[in-house]
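Report on one structure; see the data block that follows.
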Amino acid sequence: GDSVTQMEGPVTLSEEACLTINCTYTATGYPSLFWYVQYPGEGLQLLLKATKADDKGSNKGFEATYRKETTSFHLEKGSVQVSDSAVYFCALSDQAGSYQLTFGKGTKLSVIP
Amino acid sequence: DAGVIQSPRHEVTEMGQEVTLRCKPISGHDYLFWYRQTMMRGLELLIYFNNNVPIDDSGMPEDRFSAKMPNASFSTLKIQPSEPRDSAVYFCASSLSNTEAFFGQGTRLTVV
Numbered sequence: 475g476d477s478v479t480q481m482e483g484p485v486t487l488s489e490e491a492c493l494t495i496n497c498t499y500t501a502t503g504y505p506s507l508f509w510y511v512q513y514p515g516e517g518l519q520l521l522l523k524a525t526k527a528d529d530k531g532s533n534k535g536f537e538a539t540y541r542k543e544t545t546s547f548h549l550e551k552g553s554v555q556v557s558d559s560a561v562y563f564c565a566l567s568d569q570a571g572s573y574q575l576t577f578g579k580g581t582k583l584s585v586i587p
Numbered sequence: 438d439a440g441v442i443q444s445p446r447h448e449v450t451e452m453g454q455e456v457t458l459r460c461k462p463i464s465g466h467d468y469l470f471w472y473r474q475t476m477m478r479g480l481e482l483l484i485y486f487n488n489n490v491p492i493d494d495s496g497m498p499e500d501r502f503s504a505k506m507p508n509a510s511f512s513t514l515k516i517q518p519s520e521p522r523d524s525a526v527y528f529c530a531s532s533l534s535n536t537e538a539f540f541g542q543g544t545r546l547t548v549v
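So the protein lines, in turn, are chains A and B. Each residue of the first sequence is one higher than the one before, starting from 475 at the first, in our numbering. Each residue of the second sequence is one higher than the one before, starting from 438 at the first, in our numbering.
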């Protein structure tokens, strides 16, 4: 079945540091890939997505590129802020028709001033 | 639109009691998902509906769990009887066909 593996953290960075959260996936078809963010006490919000190989999703300074050859979708940001502190989830959606999301375990990011 | 609305936000109940969680999806969305989030297992899909019809309930842990969607604007997840291991945050999400899912704020369930 489909699965997503991401670094579990927690990750603690100083403000303005570079961020990379690794994500790799296993899927039988050609999935869409997502990064969701969960702020404390909130539900999940879509951060960015990519629907086919070599697509780059980007939002709020975050980027991730769909790499089919390495089955990866790593999340990157060049300069993190305290407000980026949250839990980040990598996910995939099987485009074969079910549209359900399979999530990684989540990576907690804490950014300190 | 107010987004996906879940109620209650917090629920504390005693073991053996019936618990009902409620969800109002975004108007016009044709998919509705119920997820459970725990520290040990992360986010797990329990069941999802398409046009009010349950499509895949293979994630429902056992017969104590049931979900219904009587119309396009309302769904319930029921646990009867509840057990301490059911303690988790339960999320409802909705989407329009093959687009991103929008999540509610979740219901934190504590079974004592």
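For each residue, glycine too, the CB sits at the ideal point set by N, CA and C. From a predicted model like this one, the values you see are computed outputs, not experimental measurements.
The stretch 486 to 503 of chain A and the stretch 517 to 527 of chain B do not touch, with fewer than three beta-carbon pairs separated by less than 8 Å. Rounded to the nearest angstrom, the gap between the Cα atoms of S559(A) and V485(A) is 10 Å.
Looking only at L521(A), P514(A) and K526(A), the smallest Cα-Cα distance to K534(A) is reached by L521(A). In this structure, DSSP gives R459(B) an extended state, which the three-state scheme calls strand.
With respect to F536(A), Q480(A) sits apart: the two C-beta atoms are not nearer than 9 Å. With respect to chain B, the C-beta atom of L566(A) has no partner C-beta closer than 9 Å. DSSP places V441(B) outside both helix and strand once states are collapsed to three, so it counts as coil. Straight through space, the alpha carbons of H548(A) and Q443(B) are spaced by roughly 31 Å.
Within the stretch 473 to 485 of chain B, G479, L480, L482 and Y485 place their CB atoms closer than 7 Å to a CB of chain A, listed in sequence order. Put simply, of A530(B), Y485(B), S503(B) and F539(B) the residue whose alpha carbon is nearest the alpha carbon of S519(B) is S503(B).
In this structure P507(B) is exposed. Its beta-carbon is surrounded by fewer than 16 other beta-carbon atoms within 10 angstroms. Neighbours of A538(B) across chain A, judged by C-beta separation under 7 Å: L575. The Cβ atoms of R478(B) and Y527(B) lie no closer than 9 Å to each other.
In the three-state scheme derived from DSSP, where H, G and I count as helix and E and B as strand, V561(A) is classed as strand. In this model, G475(A) and G503(A) are separated by some 10 Å (Cα to Cα). Chain order gives no chain A residues near F502(B), where near means a beta carbon separation below 7 Å; the closest approach is about 17 Å. Residue-level contact by beta carbon fails for V490(B) and chain A, as no gap is shorter than 9 Å.
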